[in-house]
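Participant: Submitted below is the structure of interest, expressed as structure tokens.
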Amino acid sequence: MNLTGLTIDAARSAVQERKTTTLALAEAHYVRIQNEDGQIGAYLTLCKERALEQADRIDRMAAEGKPLPLLGGVPVGIKDVMSTRGVRTTAGSKILGNYIPPYDCTAVARMEAAGAVVLGKTNCDEFAMGSSNENSAFHPVHNPRDLTRVPGGSSGGSAAAVAADMAVVALGSDTGGSIRQPASFCGVVGLMPTYGRVSRYGLIAFASSLDHIGPLAKTVKDVAIVLHAIAGRDPMDSTSADLPVPDYTTDLEKSVRGLRLGVAKEYFGEGLDDEVHHAVESAIDELKSLGCEVVPVSLPHTPYAIPTYYLIATAEASSNLARYDGVRYSYRASGVKTLSEMYRRSRDEGFGAEVKRRIMLGTYALSAGYYDAYYLKAQKVRTLLTRDFEEAFRKVDAIVTPTSPTAAFRLGEKSNDPLAMYLADIYTVTADLAGIPGISIPCGETQGKLPIGLQILGKHFDEATILRLAHAYERAA
Ligand code: GLN
């Protein structure tokens, strides 16, 4: 039996039926990481001891004939912005290079409670700021489908680990597209749940009103299973919603006939690559042939989404990152003589260029005299963008768009041009700003064999419908 490249159900039932052990599954993945990850760079830290302890626990359950939980025995990767007790958690930054959290992120704890085996922490852009993973303070990630290309970002390590069979599933975070865009670039499935669906307790904050945790996996069913495991109210996160968590797998097989799909012209304009455009059109045709009705909708404020996002996200980041002062758990510069020199040099040496750029932009947007003109204005536009979706969702059940205007670009291609990099998020930031769920699924390839992603956006807390549509498309395609 091949022990890598499995789905959740295949891995869990193999352990349950004693065709293999969790230990063997974990070890097969570590061997694969050892052989492949030198050229990909998906992992920053491996936590073998923790993994083997958990594997042993699951194997004992299987040996005693106890039914395994949802993720029993499944090897997973965790983006390095999620705290793991006793395991280094860097957020891709030198400033947290030696940080060992004393507690677990709720989403990670829930994965483990559901039987998952955490193999290690995956690479990402520093503090999740980026679209290419080139902002990691440690090393970039190479796209497993073409090593000269980026895997997307900021959850590039999670997407690459899943795509290269170095994990069955992985957790990522999405503030402006960081789960969906790398999923699209690496040819895997990535789900950003509704804001509030999954607790962020223990997630290292980037922009708190936009941050989401969600799964990346090889199939739609696998992201549905992981969402089920991690969703739901958490008393440790007051923004987590107190709503029942449906079993996201039960409705997956239901027909999509009669569902109304919105298509917005604002997502098919200038800058959209021809091959991506064509693939997304074909996917929409496929959904039509499955019985969906396509309805034109308008999201007129879309052109303002990028500036709105980069004002709000940087403003919140400048405030969230003020805590890294060299006093407590972060990096401290050596040989300093005064307190202010310690702050200054610790932050100067600890943060990378993109993080500093964001802190400066955000501080400016929040400063007296500019607050009304920038930050407050951006908040108002955010409301207009949210209303665009509310209006559209009166007419349709879901909205389909490209995930990203292009397929994976080359390493280095945009790293000296922040504006070009920011524009790569044009189709993803809107859902974060509106707090609605979105999924990216593979929908074909370019001539150069690079994966293309289809994005499906849904109503607040209606992950079930977008999962159903995505599953139907995946099966048909
Ligand atoms: N690429 C976007 C940014 O750089 C989104 C990042 C994210 O979703 N974490 O801010």
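In this text, residue positions in the sequence shown follow my numbering: the first is -6, and each later residue adds one. Every residue, glycine too, gets a C-beta built ideally from N, C-alpha and C.
1. Hey, how far is the Cα of D158 from the Cα of V269?
2. If you reduce the DSSP assignment to three classes, tell me which class G437 lands in.
3. By a C-beta neighbour count over all protein chains shown, 10 Å radius and 16 as the cutoff for buried, is Q32 buried or exposed?
4. Which residues does DSSP list as the beta-bridge partners of E286?
5. So, under 8 Å CB-CB, S147 and C179 are touching, yes? Tell me the CB distance rounded to an integer number of Å.
6. Please classify I26 as buried or exposed, where buried requires at least 16 neighbouring CB atoms within 10 angstroms.
7. Quick one: measure Cβ to Cβ for C98 and G195, integer angstroms, because I've assumed they're closer than 8 Å.
8. Going by the CB atoms, is the gap between A401 and L462 shorter than 8 Å?
9. What distance in whole Å lies between the Cβ atoms of I218 and I1, which are believed to be in contact at a cut-off of 8 Å?
10. Taking the alpha carbon of V182 as the reference point, which residue from S192, S171, P60 has its own alpha carbon closest?
11. Can you tell which of P430, V69, M229, Y303 has the C-alpha that lies nearest to the C-alpha of Y96?
12. Are the Cβ atoms of I491 and A163 separated by less than 8 Å?
13. State whether the stretch 281 to 293 contacts the stretch 358 to 367, with contact taken as three or more CB pairs (one from each stretch) at a distance under 8 Å.
14. Using a threshold of 8 Å, state whether the C-beta atoms of A224 and I305 are closer than that.
15. Rounded C-beta distance between G355 and S323? I'm assuming under 8 Å.
16. Going by the beta-carbon positions, is the gap between C436 and L450 smaller than 8 Å?
17. Specify, as a first and last residue, the run of the alpha helix (DSSP H) that P411 falls within.
18. At a threshold of 7 Å, does F178 count as lining the ligand GLN (C-beta to nearest heavy atom)?
19. Would you check if the distance between the CB atom of A310 and the CB atom of G319 is smaller than 8 Å?
20. For M185, which residues in the same chain have their Cβ closer than 7 Å to its Cβ, ignoring the five residues on either side in sequence?
21. Once you ignore the five residues that flank L16 on each side, which residues in its own chain have a CB closer than 8 Å to its CB?
22. Just checking D418 against the ligand GLN - is the residue's beta carbon closer than 7 Å to any of the ligand's heavy atoms?
23. Let's test the definition: count the other Cβ atoms within 10 Å of the Cβ of K407 and tell me whether it reaches 16, buried, or not, exposed.
24. Tell me the rounded alpha-carbon separation between V389 and G428.
25. By DSSP's criteria, M75 is part of a beta bridge. Which residues make up the other side?
26. Taking only three categories from DSSP, how would you classify K407?
27. Using the C-alpha atoms, what's the distance from S201 back to A308?
28. When burial is assigned at 16 or more other CB atoms within 10 Å of the CB, is E127 buried or exposed?
29. Could you have a look at N136 and say whether DSSP puts it in helix, strand or coil?
30. What separation, rounded to the nearest whole angstrom, lies between the Cα atoms of V155 and P144?
31. Would you give the residue range spanned by the alpha helix (DSSP H) that I26 belongs to?
32. Mapping DSSP to helix, strand and coil, what is I449?
33. Rounded to a whole number of angstroms, what is the C-alpha to C-alpha distance between M353 and V273?
34. Can you tell me which of the three DSSP states V161 falls into?
35. DSSP puts D167 in a beta bridge; with which residues?
36. Run the CB neighbour count on D240, radius 10 Å, all protein chains shown included, and call it buried at 16 or more, exposed below.
Facilitator: Per the coordinate set shown:
1. Indexing the sequence shown from 1 puts residue 158 at position 165. Indexing the sequence shown from 1 puts residue 269 at position 276. Rounded to whole angstroms, D158 to V269 spans 25 Å at the Cα level.
2. The residue given as residue 437 occupies position 444 in the sequence shown. The answer is strand: DSSP assigns G437 an E or B state.
3. In the sequence shown, counting from the first residue as 1, residue 32 sits at position 39. Its Cβ having fewer than 16 others within 10 Å, Q32 is exposed.
4. The residue labelled residue 286 in the question sits at position 293 within the sequence shown. Per DSSP, R253.
5. The count along the sequence shown starts at 1 and reaches residue 147 at position 154. The count along the sequence shown starts at 1 and reaches residue 179 at position 186. Not really, about 13 Å apart at Cβ, beyond 8 Å.
6. Stepping through the sequence shown from its first residue, residue 26 is reached at position 33. With 16 or more other Cβ atoms within 10 Å, it is buried.
7. Counting from one through the sequence shown, the residue named residue 98 turns up at place 105. Counting from one through the sequence shown, the residue named residue 195 turns up at place 202. The Cβ separation is near 3 Å, so the contact holds.
8. Walking along the sequence shown from the start, residue 462 turns up at place 469. Walking along the sequence shown from the start, residue 401 turns up at place 408. No, these two residues do not count as a Cβ contact at 8 Å.
9. By one-based count along the sequence shown, residue 1 stands at place 8. By one-based count along the sequence shown, residue 218 stands at place 225. Yes, they are in contact, since the Cβ atoms of I1 and I218 sit about 5 Å apart, within 8 Å.
10. Translated into the one-based positions of the sequence shown, residue 182 becomes position 189. Closest option to V182, Cα to Cα, is S171.
11. Your numbering for residue 96 matches position 103 in the sequence shown. Of the candidates P430, V69, M229, Y303, the one whose C-alpha sits nearest the C-alpha of Y96 is M229.
12. Absent from the model: residue 491. The displayed extent of the chain is -6 to 470, so no value can be given.
13. no
14. Along the sequence shown, read from residue 1 onward, the residue named residue 224 stands at position 231. Along the sequence shown, read from residue 1 onward, the residue named residue 305 stands at position 312. Contact: no.
15. Here residue 355 refers to the residue found at position 362 of the sequence shown. Here residue 323 refers to the residue found at position 330 of the sequence shown. Contact doesn't hold; Cβ gap of about 18 Å is too wide.
16. The residue you call residue 436 lines up with position 443 of the sequence shown. The residue you call residue 450 lines up with position 457 of the sequence shown. Cβ distance not < 8 Å, so C436 and L450 don't count as in contact.
17. If you number the sequence shown from 1, residue 411 lands on position 418. From DSSP, the alpha helix (DSSP H) with P411 extends over 411 to 416.
18. Numbered from 1 along the sequence shown, position 185 holds the residue referred to as residue 178. False, no ligand heavy atom lies under 7 Å from that Cβ.
19. On the sequence shown, residue 310 is found 317 positions in, with the first residue counted as 1. On the sequence shown, residue 319 is found 326 positions in, with the first residue counted as 1. Contact: no.
20. Position 192 of the sequence shown, counted from the first residue, corresponds to residue 185. Around M185: D167, I172, R173, H205, G207, A424, P430, G431.
21. By 1-based counting over the sequence shown, the position of residue 16 is 23. Closer than 8 Å at Cβ, skipping near neighbours: L45, A48, D49, D52.
22. Taking the sequence shown and counting its residues from 1, the one referred to as residue 418 is at position 425. Flag set: Cβ of D418 near the ligand GLN.
23. The residue given as residue 407 occupies position 414 in the sequence shown. Buried is the call here.
24. As a working note, residue 389 is residue 396 in the sequence shown. As a working note, residue 428 is residue 435 in the sequence shown. Straight-line Cα distance between these residues: approximately 17 Å.
25. As a position in the sequence shown, residue 75 is number 82, starting the count at 1. L196, per the DSSP bridge assignment.
26. If you number the sequence shown from 1, residue 407 lands on position 414. If DSSP states are grouped into helix, strand and coil, K407 belongs with coil.
27. In the sequence shown, the residue the question calls residue 308 occupies position 315. In the sequence shown, the residue the question calls residue 201 occupies position 208. The alpha-carbon atoms of A308 and S201 are separated by roughly 10 Å.
28. For this step, residue 127 is matched to residue 134 along the sequence shown. The residue is buried, with at least 16 neighbouring Cβ atoms inside 10 Å.
29. If you number the sequence shown from 1, residue 136 lands on position 143. Three-state DSSP puts N136 in a strand.
30. Here residue 155 is taken as the residue at index 162 of the sequence shown, counted from 1. Here residue 144 is taken as the residue at index 151 of the sequence shown, counted from 1. Taking the straight line from one Cα to the other gives about 11 Å.
31. Taking the first residue of the sequence shown as 1, we reach residue 26 at position 33. Segment 15 to 33, the alpha helix (DSSP H) holding I26.
32. The sequence position of residue 449 within the sequence shown is 456, counting from 1. Of the three classes helix, strand and coil, the one that applies to I449 here is strand, per DSSP.
33. Position 360 of the sequence shown, counting from 1, holds the residue named residue 353. Position 280 of the sequence shown, counting from 1, holds the residue named residue 273. One C-alpha to the other measures close to 37 Å.
34. Here residue 161 is taken as the residue at index 168 of the sequence shown, counted from 1. V161: coil per DSSP, three-state reduction.
35. Working through the sequence shown from its first residue, we reach residue 167 at position 174. Paired residue(s): H205.
36. For the purposes of this step, residue 240 is identified with residue 247 of the sequence shown, where counting begins at 1. By the 10 Å Cβ count, D240 comes out exposed.
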